[in-house]
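Working notes for the structure below.
In the numbering used here, the protein residues as written are 3 to 444.
Next up, the structure:
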């Protein structure tokens, strides 16, 4: 009698998975690198790898319906005559007009204003819709200088000098020609319909000494009224934070690799930079070493999604967080109701691959006049305000459970980590132990 071996299930390679194989085929067929929007899609240690240690016998919790828990934050009191006062520690990150439609920028301004927080211009200048509907507007000053003028600097409530971005630290952005409409071209002084690539560094400085001079110039232009932020991509957070502080920054914005972008190379997004979780503690340490923690505020961005993420960032030492991708989803981007149209673009709702192409069915990351009509700025602004409200309530819930009457009273002692990697990055003990890799004994 002969026996036939049963068939085995084919085993796919972990190194050459389906996506990798498809990318090899695409590169071989086209000879060009892939460009997309959004942030890193690879799995890295993140806020989900941390847990809070709520109150029990050794801690006294606060009653949510009777005892207050503050959420306000002041940004930029170090030098500015008029620091920013926010009701919540959640801001809207810089996303350009050009990358986003005019109605989308208006919606972000409306939602931020309803929630008592700020929004940010992004590359390409300030639109009247955004300024008109943003009670607090931060003006981004980028290497490209697109749309920059002293008048708008003075009209802003704060200025954010962008040195780097989490999705592409060390690299510039892209805006494809199909998104450079007549209005975008006029604001950026560019030819209509031609691909645009932003510079990767500022043209008028080469180091921190020059940055100090530039910050002084911006203060003089704005009569020392406006807080000056410095935004860096997560790469060398200790030194970048220290140099930003020594250059005179009022606020440091630190963007991890999960932070999104309008468009850049896929290889850049996935292989350059640090996870957001790995950025916070070194930056806080730099501030502490300089005696500037809480005097110079730290704003963290890159993959913040809910109130738990907010609370964890604050517990690790941040003063506020900034959201971009989540804000776009809140106002209606990548909505499954447009799934059929997303599939026609060769993607799917939730993949975010289409942001750079200018054909967003939701009307948000596009300059197409017909698609833009799908965005109701008033309704979208209300959705964003609702989302911000929920995030704030969630952060307050956690703070009260840890016995804190203000979200800024959360601290690393309130946290533990679920993995060795997250423990080492966040500088908090591995759950069930008092061990922090690299800091405490075995």
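Even glycine gets a Cβ: it sits at the ideal position worked out from N, Cα and C.
What residue does the alpha helix (DSSP H) around residue 400 start on, and which one ends it?
For residue 400, the enclosing alpha helix (DSSP H) begins and ends at 379 to 403.
Hey, is residue 247 close to the ligand PLP, as in C-beta under 7 Å from one of its heavy atoms?
Here there are no bound small molecules, and the ligand PLP is not part of this structure.
Per-residue burial, residue 208 [other beta carbons within 10 Å of its own, 16 or more giving buried]:
Answer is exposed; the Cβ neighbour count stays below 16.
In three-state DSSP terms, what is residue 306?
Correct three-state label for residue 306: coil.
Within 10 Å of its beta-carbon, does residue 132 have 16 or more other beta-carbons around it, so buried, or fewer, so exposed?
Buried is the call here.
Start and end of the beta strand (DSSP E) containing residue 235?
Counting along the chain, the beta strand (DSSP E) containing residue 235 begins and ends at 230 to 235.
Contacting residues, own chain, Cβ-Cβ under 7 Å from residue 421 (five flanking each side not counted):
The answer, listed in chain order, is 47, 51.
I'd like the ranges of any alpha helix (DSSP H) spanning at least 4 consecutive residues and lying wholly in the stretch 166 to 221.
Listed in chain order, the complete alpha helix (DSSP H) runs (minimum 4 residues) inside the stretch 166 to 221 are 184 to 190.
Excluding the 5 residues flanking residue 297 on each side, which residues of the same chain have their C-beta closer than 7 Å to its C-beta?
Here the set comprises 80.
Scan the stretch 115 to 174 and note each continuous alpha helix (DSSP H) run of 4 residues or more that stays entirely inside, going in chain order.
Correct list: 130 to 135, 152 to 157.
Is residue 54 helix, strand or coil by DSSP?
Three-state result, residue 54: strand.
Bridge partners - residue 88, DSSP secondary structure assignment
In the DSSP output, where bridge partners are listed per residue, residue 88 has 75.
Touching by the beta-carbon criterion (3+ pairs, under 8 Å), the stretch 188 to 205 and the stretch 122 to 130:
Counting Cβ pairs under 8 Å, three or more are found: they touch.
So is residue 228 buried or exposed if we call it buried at 16+ other beta carbons inside 10 Å?
That one is buried.
Residue burial classification, residue 217 (beta-carbon count within 10 angstroms, cutoff 16)
Buried, because 16 or more other Cβ atoms sit within 10 Å of the Cβ of residue 217.
Are residue 165 and residue 143 closer than 8 Å when you measure CB to CB?
Contact flag unset, no.
Sheet register partners of residue 102 (DSSP bridge):
99.
Taking a contact to mean a Cβ-Cβ separation below 8 Å, would you say residue 445 touches residue 61 in this structure?
Not covered by the structure: residue 445. The range shown for the chain is 3 to 444.
Using alpha carbons as the reference points, say which of 135, 334, 154 lies closest to residue 141.
Closest option to residue 141, Cα to Cα, is 154.
For residue 445, does the three-state DSSP call read helix, strand or coil?
The structure shown does not extend to residue 445, since the chain spans only 3 to 444, so no value can be given for it.
Relative to the alpha-carbon of residue 49, which residue among 306, 271, 87, 121 has its alpha-carbon at the smallest distance?
When only C-alpha atoms are compared, the closest one is 306.
Count the C-beta pairs between the stretch 98 to 114 and the stretch 61 to 74 that are closer than 8 Å, then say yes if the count reaches three, no if not.
Three or more Cβ pairs closer than 8 Å define a contact, and the stretch 98 to 114 falls short of that threshold against the stretch 61 to 74.
Taking residue 355 as part of the alpha helix (DSSP H), name the residues at either end of that continuous run.
Looking at the DSSP string, residue 355 is not in any alpha helix (DSSP H), and its letter there is neither H nor E.
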